[in-house]
Amino acid sequence: MCIILIQTCRKSYYYGWEVTMNHNHLGQTVLNYRKKKGMTIREFADFSGISTSLISQIERGQANPSLSVLELIAKALNVPLYTLFINEIDTASLISKKKDRKKVYRENSDHIVYDVLTPDFMKAHIELLMMDLNAHANTTESHYAHMDKEEISVVMKGQVYVELEGAQYFLEEGDVVRIPPNVKHRFLNKSDHASHILFVLTPSLYPV
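Residue numbers are given in my numbering: position 19 of the sequence shown equals residue 591, and the series is strictly consecutive.
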């Protein structure tokens with residue numbers, strides 16, 4: 573876990589998130605967690621090793637706590653440190669508007685378009701892409717594989733074939749395929765109509 577607290581600009585960074593340090597929200601969060609634990613300020617002070625006066629100031633939004641103090645609070649509350657700032661995330665960065673997204677083309681730009689649904693500014697830990705695969709087009713002439721990512725693909729519209737390690741499987745609207753790391757694959761549209769496929773890519777959690 574890596575959090576860098578920059579006191580001068582009152583911002584924190586957690587796994588790429590930039591969060592504004594709003595003392596009122598922070599204080600309310602600490603207060604809510606403390607009450608859930610059923611502890612008085614004095615009990616919480618004794619348990620955390622922080623003075624009652626500082627805890628009171630933090631909960632009232634009147635203190636600018638250091639990172640070490642925040643770590644003590646999180647440890648005493650038995651919560652991850654980032655949860656103290658969860659309400660401070662810039663919510664505008666959670667929205668990706670279709671009109672603002674860029675298209676990604678691979679190999680055959682006339683037939684294959686990838687719409688990146690989770691652009692970099694969202695700092696998501698998964699990748700979402702929507703692929704438009706035109707009639708009689710393939711995602712690639714050869715196979716490809718993800719070294720360290722797992723892929724889930726959902727046919728949103730149309731019919732396609734997915735080729736896994738040389739074997740082809742027919743998929744239609746609503747069908748789902750899981751593609752583990754290192755599995756050679758590609759998609760083929762043998763129909764006369766375009767197909768739309770949603771891709772979800774995430775770091776691999778399970779061995780093949």
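Just so you know, even glycine gets a beta-carbon here, dropped at the ideal spot from N, CA and C.
Sixteen is the threshold: when 16 or more other Cβ atoms of the shown chains lie within 10 Å of the Cβ of Val727, as they do, the residue is buried.
Within 10 angstroms of the beta-carbon of Leu666 lie fewer than 16 other beta-carbons, which makes it exposed. In the three-state reduction of the DSSP assignment, Gln600 falls in the helix class, which pools H, G and I. Within the same chain, Cβ atoms closer than 6 Å to the Cβ of Leu760 are found at Asn710, Tyr733, the five residues on either side in sequence being excluded. Secondary structure note for Ser714: it is in no beta strand (DSSP E), with a DSSP letter that is neither H nor E. A straight-line Cα-Cα distance of about 7 Å links Gly633 and His597. A distance below 7 Å between beta-carbons, with the five flanking residues on each side excluded, links Phe693 to the following residues of its chain, in chain order: Ser665.
Ala646 sits close to Leu656, with the two beta carbons spaced by under 8 Å.
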